[in-house]
Structures are given as structure tokens and as C-alpha cells.
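So the sequence lines, in the order shown, correspond to chains A and B. The opening residue of the first sequence carries number -5 in this note's numbering; numbering runs sequentially from there. The opening residue of the second sequence carries number -5 in this note's numbering; numbering runs sequentially from there. Here the structure comes first, spelled out in C-alpha cells, and everything after it is commentary.
Number of protein chains: 2
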Amino acid sequence: MADYRPPIDDMRFALREVAALEQLATLDGFAEADPQLIDQVLEEAGKLASEVLAPLNHPGDRTGAVYENGVVRTPEGFKEAYHTYVDAGWNTLPFDPDYGGQGLPWVVAGAIQEMWNAANMSFALCPLLNQGAVELLTAHGSAEHKETYLPRMITGEWTGTMNLTEPQAGSDVGAVRTRAVKNGDHYLIQGQKIYITYGEHDFTDNIVHLVLARTPEAPEGTRGISLFVVPKFLVNEDGSLGPKNDLRCVSIEHKLGIHASPTCVMAYGDSGGAVGYLIGDENQGMKQMFTMMNNARLAVGIQGVGIAERAYQHARTYAFERVQSRDVAEPAGNAVPIVRHPDVRRMLLTMKAQIEAARGLSYYALAGLDRANAAGDEKARQQQLVDTVELLTPVVKAWATDVGVEVASLGVQVHGGMGFIEETGAAQYLRDARIAPIYEGTNGIQALDLVNRKVIRHRGFPARSFAATVRREVEALEAQPGADFADLRGELLAGAEALEATTDWLVETWAADPRKTAAASTPYLRLLGILGGGWALARQANAAARDLAAEDGAAANGAGRFLEAKIKTARFYADNVLPQASAATAAVIRGAATTLDLDDAEF
Amino acid sequence: MADYRPPIDDMRFALREVAALEQLATLDGFAEADPQLIDQVLEEAGKLASEVLAPLNHPGDRTGAVYENGVVRTPEGFKEAYHTYVDAGWNTLPFDPDYGGQGLPWVVAGAIQEMWNAANMSFALCPLLNQGAVELLTAHGSAEHKETYLPRMITGEWTGTMNLTEPQAGSDVGAVRTRAVKNGDHYLIQGQKIYITYGEHDFTDNIVHLVLARTPEAPEGTRGISLFVVPKFLVNEDGSLGPKNDLRCVSIEHKLGIHASPTCVMAYGDSGGAVGYLIGDENQGMKQMFTMMNNARLAVGIQGVGIAERAYQHARTYAFERVQSRDVAEPAGNAVPIVRHPDVRRMLLTMKAQIEAARGLSYYALAGLDRANAAGDEKARQQQLVDTVELLTPVVKAWATDVGVEVASLGVQVHGGMGFIEETGAAQYLRDARIAPIYEGTNGIQALDLVNRKVIRHRGFPARSFAATVRREVEALEAQPGADFADLRGELLAGAEALEATTDWLVETWAADPRKTAAASTPYLRLLGILGGGWALARQANAAARDLAAEDGAAANGAGRFLEAKIKTARFYADNVLPQASAATAAVIRGAATTLDLDDAEF
């Protein structure tokens, strides 16, 4: 099994040039985020990821989580790894210092999450779900909730879960039927939840379930959903564990991938009702869920980047080791490592370029979240949120997870026949990656969110503002001497124009025909993703050209090579990926009509 | 598990309009291929596929083939299904009537193979490999070989296998090390072969292995490869089975998909040497292999179409049954089946359009093979081969199998969370589909074959001739009243221009820089695939418009609906898929240089 080597150089460069980490560190609350400290944190996290988590990934896939009589056992080594992770304080990074968190920026936490996911996506899901629960309790929990649960969820001594889905309530969360009946100072919860990630496991003594349910008099749909804390074991006043709550894991799913991550069917209230504590007021559950969605969705985008990076490294190692056939330019020579074959290089570059594009765009969005959190006034906060975070969150979630699947599939292909054999490990990345476009809101839901809530609702301004950001980078590239950026500039401009034209069309079309704009949503998101990734690469290429010019011939050393590679990678993306952005205009504008043309009986 | 309903209407239409079956039936040797008879054959095959093979597909995936002490057991029901298939004569369809075949055109056999693969790809692999062995023996075997083996391989009483790959000899078949030493009237074979599909199984009493090996004095590389018949059981002069040959299955692979199809490691000559009979002369093995490659590669392309069709039907059924969320145009209404959501329609149409495009192009290439076989003179035969069959074979193999993976992945996505659960069945199609871009020459090898042997070697003429074919269809569409084909014409023309420009560039660039043309090979193949599929759809849309005009308002009945859908599907493809063809120009011409730009140390 190939090792995992955290791409810290690339992370650091993207943090500096795309997320502008140095500037971020000057903002309120981020004094800890000075780049040198962050470097150390990245290095240390990289060690845990590569030395502890990565070696468990493939064995964990083969064994899978095992269910027996309500008990879930994670694969060998997972529990110990979790405690190593918790004991070193890794779980606390981005959380509120008042409850034991370290208050690091989300963009730094995101870079580190990429490592956990690259090393072992099944493992990383446990902290990821816990993170959502912590955020919810931080934002909406009562003082008592916070005191009881937050410190131990922030350290990782307990884990949190998110319980939304029911068989009839998937994308339509408003269809939830789980009931909550008031009973003194708490509620009694009854119902079944599915797809509960780490709903049961053997890592910790307690598990804190956040459960969406409906009170008897609640209005229909999303306006009648309330959110409850439902701990596996009730907590006594002194903080010790009390009796087991009336809830259990009924079974775990047999899935395509992420085998080591238990996906649970949870039954609440089989014996009368699970004790649940209302968070905030009744019927505020959906609104409360939205507070964690930006972050959770960005985190899933980061999963796409992480699994893609792992697949790339695995394929790269194989391509340098596997000797097969002669160089096309030296047909009389000896057989060469397959990385010498141009088509294999093309596959590896397609992987590398898209990973770095998606990493850059994800960091940009995460840093926007940090900037919003640190903003001095509400207007500045709103502008960061609307123009950057909210616009790009569905894009990062959907596009980066699509990239994850595409890159993992290319990784299989680089391996040839070996890629199809499970022992090789390349196939696992594809199987694992395939969940990310589905959960935390399918990519189709992301596209609708983008078009309806982030574009049309704001009359297109955030998207046009992003197009202007792209245009500014094109101008900056023009001023850059020493490298030929003509193709990159041309493709970025064409992409920006396509974004503007399709945005205008969405805004004009929506009121008269919301089915048409819905039909256009996925191609529009794809356009914005490809363009946004291209912008992130261009920004890095621009910075690399600047650094190279400053260092004068530094290309001979390692740092210079990295900078040269940045420029070449951006140019490769300009020729091989960016043309799809402007080509998407037809799919958005004309394609929407043809999509709706086919009658039901004609499928 | 969703049923499989063979898409016979669509097959029939593509056979008539793209493969021109009626004209084919007038050619020498195809008197049997009259469209009415073919209709019956398709209907009967469809019954076997849907009633016998399809129900075994998912259970077969769960059980998988099992290996124990050299013996391979296929999943429950597979052996009985194989005998039902053989007893009804299905194995004989395209083969030489002199040895018990029915001599039907390959294009008809291809349509039927699509059904076997859609119903049960793991099952269908056994006849597919046998087909390659039959073709080889038919073309190159001695009279004695033919008499001994062909009749029983054609009925399916025995099966054949292809033994090419060794651990160090994958894409580079010339690196084969298996040895063959002459020993009287036969050779003794010693060596290990991997990835041998159905190398051992429980369907039949005997298995006829065709094995590539090297004689002691053979020249290096592909010029020193010889081909041998190595039966599992030697055959006595009276046709009865003699002693077991010195060969065995050592193990079977644990794979991502096609679990019911045993992929064997075969050991030859552990006890001194397996008896093998030379086919033709020594050192002719590679040339002999090429005789079956066109056909085998087209058959793998057909697998891509088949598995895509199955995934589409599964997703379509789910989309009509699963109720979730309200219509975007009626937010106050009730929840609707998800097929009402425009983004789900877009996914289904993306599946449907690409399937029909790939089906059409595959049939066109297969019919070209039939026309070449029936050609009266060598010149006409060569023209069919060079302009159509050889040009399009790598395109159909690679592009249709890529479509297979993309469509199967979309099928998972349509199912949402259910798609990731193995019991749903959608994930199996993705796992099964993923092998097709790898085996029978990886898609990268196909692209090199296309660019080097089919385009550059013929100075681009076949590709330009295909561009002219596209241009003729554009003109024909212009003459067609009653439907708006403007977008389709525009995109086809842009695609034809892109094909011409990139073809010219390949021909001009190759001699000076063969690494560059190699780097451009996959984007070029993709361009030709997308354009070729668009052409096949345009041809059908054109015919549909003609039929609709003739029937005058027939759209109200079922046949009319089908014709309307054909036109709409072609237009959807024009807006949503075809723009990628002309956008590929940048990847071919500029992208080749940037691909080669990155140094080894920069990956």
C-alpha cells in the first residue's frame, strides 16, 4: 500500500497566496494563526495522518465496521488511533476557546482535515460529524447544554452525531416524522433515523445525538422541525454518566465504500421515548441546522480534495515504479516507467491540476468564513458571507467532490489491470470518494441552492462580483513578465464572460420559469467550479512568477521547481480543463429548455 | 431489484437507420438477416436476458465466484443459465455456418450482446472471451484444430479463453515470458498467466485456452510471440476427453466488480509442461491476435452501452417511484416523484442521450465490419476497414466504456443515499462498468492506436472522411422540415471543423514530435467519440423527422412518441454534450505541449 505524504508545501502556498493567511492572522481573534506556528501545526498533523491514520485505511476497508446485537465494533486499531488523536488535542483546533477549543481559523482546520481525510476518510468522518454538532451547540445551545456537552465534545472525549434523514425524508428534511412530546423539563423522542454516521461506535463512553423531530402541534414541513440533544447515556449533575437512554442502533448499512465508518439505522424510543432536550425554541430546527451547513459542506468539499490527493499519490508512485513498454520517441530503447508515457503524464496532470484548483478554491471559501467571523461590523460580515462564503459553499461541496470521484477514477486507470484488484488499494479511493457527491445535500441540491439562494436571490451580484475577481486576476497576470500566460488569460476571460452571461440569464429567466433555471443549475455550478478552480490556480501561478522573478533563477533548487510546477500546472489546466467552462454556456442556457422538453413517457 | 427491459425499439431503430440493416441483408452471406427475422431474434434474446440472466446479476455479485483447491464455483444459477443459453443456440449466432454457426451479421450479434451484458455482465464475459477464441481458430487454426474444437466452442459445449497477460507483460504484450518448447507434434508450455477471464469454471467439461508464449529461439518483443491451443483436457481422436493437461487455476482475484466472473491466475506446466498445439507458424502470435481485436474491442464498447442501459433503467424506475419534495414551480403543492425535478430529468437525459449515441456509433462500426466481410473485392473491403471499422474501433471501445462508467455513476447519483447502499444495486453497475475502460487494451492504449495506426498512418484520410460524413448529415438535416435542428447542426459543424483541425495537426506534428501526438491522443479520441455519437443521434433524429412528416401527426401514438423523443434527445445532446467536442481542440493542440512540460520531479 502506498504511503501518504501530506502535501504541506502546496497547502502552505495555497494558504498564503489564495487564503492570504498572513492578513488573516492580523484579524481579531486569530493572533494564534501566525504562519510559522501554522507550519508547525501542519507538520505535526501530517505525522499523525501519515504514521497513524493512513496505515489503517486499507485494512479498515477490508474488515469494515461490524454490527452485533446493538454493538458496533470499528476495525482493529481505529479506537487506539482515535485516542491518540484526541490525546494530542487535534479535535479542539477550530473551536471556541471558552470551552476548551483553540480558536484556530477554519481554513487551517480545513487544511488539516484534508490530511485526515486523505489518510483515512472513514476515520475522519467521526470528527467531521462531531464538528457539526459542536457548532450547533455553540451557536444555539443553552448555557447548561454548553457546559454539559461542549467541553467533552470539543476534546473528543464524547462524539456528536447529526440525525436528519428518515426513509421518507432525505433531501426533503421537512418530511421528518420523528415525534417529540414534552414531558416536564425534557421531551420524549420516538422515531427511526437512517444514514447516521458513527451513530454507534466503540471510540467513546458517550455519544451525543442531535436529532430533528416534530412536536405534536408543529406546523407541517420545514417550519415545524425542532432540534434536540439526545445523549446515549444521560448525564448526571456532577457530569458522570447516568442511565442509558432509550435509543439503539438497529443495524449498519452495507455500502459501496467508507466501510470502516458505521452508517447506522437508529431507533429512538422503542421503550416509551428517548429523553431529549430542546435546543433553543420549538420549530427552529431547520434554521439552526443551516448555521452549520456552510461549514459542513465546505468540509465535505475538502474530503473530495483529500481523497483525490491520496489517489494521486498512489497513482504517481505506481507510475514511477511500473516499467512497461518503450518511450514513444525511442521505440528501440528499453521499457520505461509508465510515467514516461505521455498519456500517463496527462492523467497524472489532470489529477494534480484539479486537486490544486479545488484545494485553492476551498481554502478561499474557508478563509472567507474566518473573515466573516472576524469582521468588525455586520455589513462587512454580510459582504464576506454573501459574496464569498455562501456563493462558493455549494460550489466547493459539489465541484470538489465531483473532482474527487473523477480523480479517484483516473487513479484506478493509471494502474491498469492492477487498479481493478482490491488489494492494490486504488479502487478503495473510488468507492470511498463516491459518497461525497451524495451526502450533506446531494450535488443536485447544492446546485439548486447555488442558483436559487446564492445567485437569483441576490439578483446575481455575488456571481458577477466573482467574475470581477477573475477579471482582476487576468489583469494582474498581464503585468507579470517572464511567463507566457496568454492561454490562461484567454480562457479565464472566456470563463468570466460565460459566468456573466449565464448569471444574467438566470436572473432574467427565473421568475417566469423556475423549472428552467433549475434545469440549468448543475451545468451552471460546474462552470463556476471550473472557473473558480482556474482562478485559484492563476492566482498561485501569478504569485509563483513573482517569486521566481524575485529569486532570479531559483528554479534550479527545490523551491524554484515547486514554483515552476505551479505555473505549468495552471497552464495545463487552462488548456485541458478551463475550455469546459465557456463550453458550458450552451448547456446552461439552451440546454435547460431541451432538458424540460422530454415528456415523462419519453424517458 | 429493478427489472431489465431490453430496449428493442431503440435497437431496431439504430439497426435500421444507423447500421442500414436492410441494405446489409442484401449483401452476400446475409440472406438470413432480414429485418423481420432479426426482430424475432431480438425479442427472443430479450426474453432470455430479462427472465433468466438479469435476475442472477445482483445475487451473483453478492456471492461472487469462489475458488477452492483449484476448483472454481460460479454463483448459484449461473451454470443452469449457461446451459439454457447454450441449449437454445444463442452461442452460435455470428459464427461460421460450416462449423455450426448461424452466420448472422456482427451488428446483430452486437445488439444481442448488449442485452447479455445489460442483464448480467459477469455472465456475458464467458461467451465474449469464447467469441475471441472462436474467431482466432476460425481465421488461423489448422483443419484439425477447427474440426476438434470449433464445433463445440461454437455451440458453447466448451468455452475458450484468451491468455495474454503476465505480471510483467500487460499493455506490453511483447514482454511475455511463458515458454513453449517443441516436443514432437506438440509443444510443452510453462509459465504463469494472470487476468484470465473464466480461466476455470464449472459451466462445461472442457476449456480451450489460447495461450501466447515464446519458443526458445524466438526474437525479442512482439515479433517472437507464438499462439497455442492448450485444452484443459486433451481430446482423443474420437472426440472424447483424454487426460487432464498440465495446467491449473492457482487463484482468482478479489476485484472491484464483475464478482461472478472468475478472473484467474493460471499456471501452465508445473509438472513439466502443458501440451499445446501451435496455431499457424511460430512467431505469428501477435498478428493472429490482431484478427480478433477489432471485434473484441467493439464487443467491449458494447459492454459499456449495455451496463449504461441497465443503470439508466434502474435509475429511471427509481425516479418515477421515489416521492420527495415539491415541484419547483408549485412550491405549495404535494411532494412529487423525483423525475419531476428538472435536475433529475437532466441526469436521466444525460444518461439516455449518451447511451443512444454510443449504441448508434457502435452499430455503425459493427455494420462496417459486416460490410467489409461481405465486400466483393479487396479494395472495397479495405476501404470499409480503414475508413470505418479500424478508425472507429478504438473510439467505440474507449468512449463507450467511458460513457458506461459516467452513466453508471449518474445512476448512483439519481438514487441519492440509496445509491451508496449495495442492496439497491445501482453501485454494482458502477463497479462492474469500471473494468471496461481497462481491459482489452486500456483506453489510453486505444487512443494511441487511434492516433498512430488509424489516423497518422493513413495521413488523416479516414478521420477527414468521417468529418465529411458528419458534414453530409448536417446538410441532410438542413433539408428536413418540421423540426428546429439549428443547434444540432451548428454543434456538429463545429465538431467536424475541430476534427479536421486536430487531424491536420496530428499529421503535421507527428514526425517531429511523436511524444506530443501521444499526449494529445486521449482528448482527440474523446472529441471523435462525442462527435461520432452526435452524428449517430443526428442521423436518427433526421430519420425520425422524416417518419413523423410521413405519418402526419403520428406523435400521438406510441411510435410517434418514440420518434419525437429521438429528436429531443439529439437536441439535448447538442446542447449538453456536443459543445465538449469543439472545446477539446485546445486540449489536443495546446494541451499536448503543456502536458509534456512538467518534469518528473515536478509531479
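The C-beta atom is built at its ideal place from N, Cα and C for all residues, glycine as well. Note that the coordinates shown come from a computational prediction; the quantities given were computed from them, not determined experimentally.
Segment limits, alpha helix (DSSP H) that includes residue i
| i | result |
| --- | --- |
| TYR358 of chain A | 336 to 368 |
| VAL101 of chain B | 100 to 134 |
| ASN536 of chain A | 515 to 545 |
| GLU614 of chain A | The question about residue 614 of chain A has no answer here: the residues shown for chain A are numbered -5 through 597. |
| LYS448 of chain B | Counting along the chain, LYS448 of chain B falls outside any alpha helix (DSSP H), and DSSP gives it neither H nor E. |
| LYS560 of chain B | 552 to 570 |
| ARG465 of chain B | 455 to 472 |
| SER255 of chain B | SER255 of chain B -> no alpha helix (DSSP H), and no H or E assigned at all. |
| PRO431 of chain A | First-last for PRO431 of chain A: undefined, no H or E at that position. |
| ARG(-1) of chain B | That residue, ARG(-1) of chain B, is in no alpha helix (DSSP H); it is neither H nor E in DSSP. |
| GLY270 of chain B | Unbroken run through GLY270 of chain B is the beta strand (DSSP E), 268 to 272; no alpha helix (DSSP H). |
| GLU372 of chain B | 372 to 378 |
| LEU590 of chain A | 573 to 591 |
| ASP498 of chain B | 480 to 503 |
Buried versus exposed call for residue i [16 or more other C-beta atoms within 10 Å across all chains shown]
| i | result |
| --- | --- |
| GLU467 of chain A | buried |
| ASP275 of chain A | exposed |
| ASP569 of chain A | buried |
| LYS238 of chain B | exposed |
| HIS648 of chain B | Here chain B has residues from -5 to 597 only, and residue 648 of chain B is not among them. |
| LYS562 of chain B | buried |
| GLN34 of chain B | exposed |
| GLY370 of chain B | exposed |
| ALA480 of chain A | exposed |
| VAL60 of chain B | exposed |
| THR579 of chain A | buried |
| ALA532 of chain B | buried |
Element boundaries [beta strand (DSSP E), containing residue i]
| i | result |
| --- | --- |
| LEU221 of chain A | 220 to 225 |
| HIS665 of chain A | Residue 665 of chain A lies beyond the range of chain A shown here (-5 to 597); nothing can be said about it. |
| SER319 of chain A | 317 to 320 |
| GLN278 of chain B | Taken as a continuous stretch (DSSP letters only), GLN278 of chain B belongs to no beta strand (DSSP E), as it is neither H nor E. |
| GLU417 of chain A | No beta strand (DSSP E) holds GLU417 of chain A; DSSP gives it neither H nor E. |
| ILE246 of chain B | 241 to 246 |
| ALA235 of chain A | A quick correction: the sequence has Leu, not Ala, at residue 235 of chain A. Note, LEU235 of chain A: beta strand (DSSP E), 235 to 238. |
| ALA394 of chain A | Careful: ALA394 of chain A lies outside any beta strand (DSSP E), inside the alpha helix (DSSP H) at 385 to 408. |
| ARG173 of chain A | 173 to 177 |
Whole-number beta carbon distance between residue j and residue i, since they are thought to touch under 8 Å
| i | j | result |
| --- | --- | --- |
| GLY185 of chain A | GLU160 of chain A | 7 Å |
| CYS243 of chain A | GLY405 of chain A | CYS243 of chain A to GLY405 of chain A, Cβ: 33 Å. No contact. |
| ALA75 of chain B | LEU36 of chain B | Not a contact, Cβ separation roughly 19 Å. |
| GLY97 of chain B | GLU26 of chain B | 6 Å |
| GLY585 of chain B | ALA514 of chain B | 7 Å |
| VAL408 of chain A | VAL338 of chain A | 6 Å |
If you measure beta-carbon to beta-carbon, which residues of the stretch 421 to 450 of chain A are closer than 8 Å to chain B? ALA421, LEU424, ARG425, ARG428, ILE429, PRO431, ILE432, TYR433, THR436, ASN437, GLY438, ALA441, LEU442
Please give me, in chain order, every unbroken run of the alpha helix (DSSP H) with length at least 4 that falls completely inside the stretch 22 to 95 of chain B. 29 to 41, 48 to 57, 72 to 81
Members of the stretch 486 to 516 of chain B near chain A, C-beta cut-off 7 Å: PRO508, ARG509, ALA512, ALA513, SER515, THR516
Taking a Cβ distance cut-off of 7 Å, strictly less, list which residues of the stretch 118 to 131 of chain B are near chain A, in chain order. none
As an exercise, report each continuous beta strand (DSSP E) stretch of at least 3 residues that is fully enclosed by the stretch 184 to 222 of chain B, in chain order. 201 to 207
Relative to chain B, which residues along the stretch 311 to 322 of chain A have a C-beta separation below 7 Å, given in chain order? GLN318, SER319, VAL322
Of the residues that make up the stretch 461 to 481 of chain B, which ones have a beta carbon closer than 7 Å to any beta carbon in chain A? ASP481
Continuous alpha helix (DSSP H) assignments of at least 4 residues falling wholly in the stretch 284 to 335 of chain B: none
Going along the stretch 157 to 179 of chain B in order, which residues come within less than 9 Å of chain A, judged by CB to CB distance? THR159, GLN162, ALA163, GLY164, SER165, ASP166, GLY168, ALA169
Please list, in chain order, the residues of the stretch 230 to 253 of chain B that have any C-beta partner in chain A closer than 9 Å. GLU247, HIS248, LYS249, LEU250, GLY251, ILE252
Closer than 8 Å between beta carbons: that is the criterion. Which residues of the stretch 331 to 350 of chain B meet it against chain A? VAL333, HIS335, PRO336, ASP337, VAL338, ARG339, ARG340, MET341, LEU342, LEU343, LYS346
Return the residues of the stretch 575 to 597 of chain A that lie within a Cβ-Cβ distance of less than 7 Å from chain B, sorted by chain order. ALA577, ALA580, ALA581, ARG584, GLY585, THR588, THR589, LEU590, ASP591, LEU592, ASP594, ALA595, GLU596, PHE597
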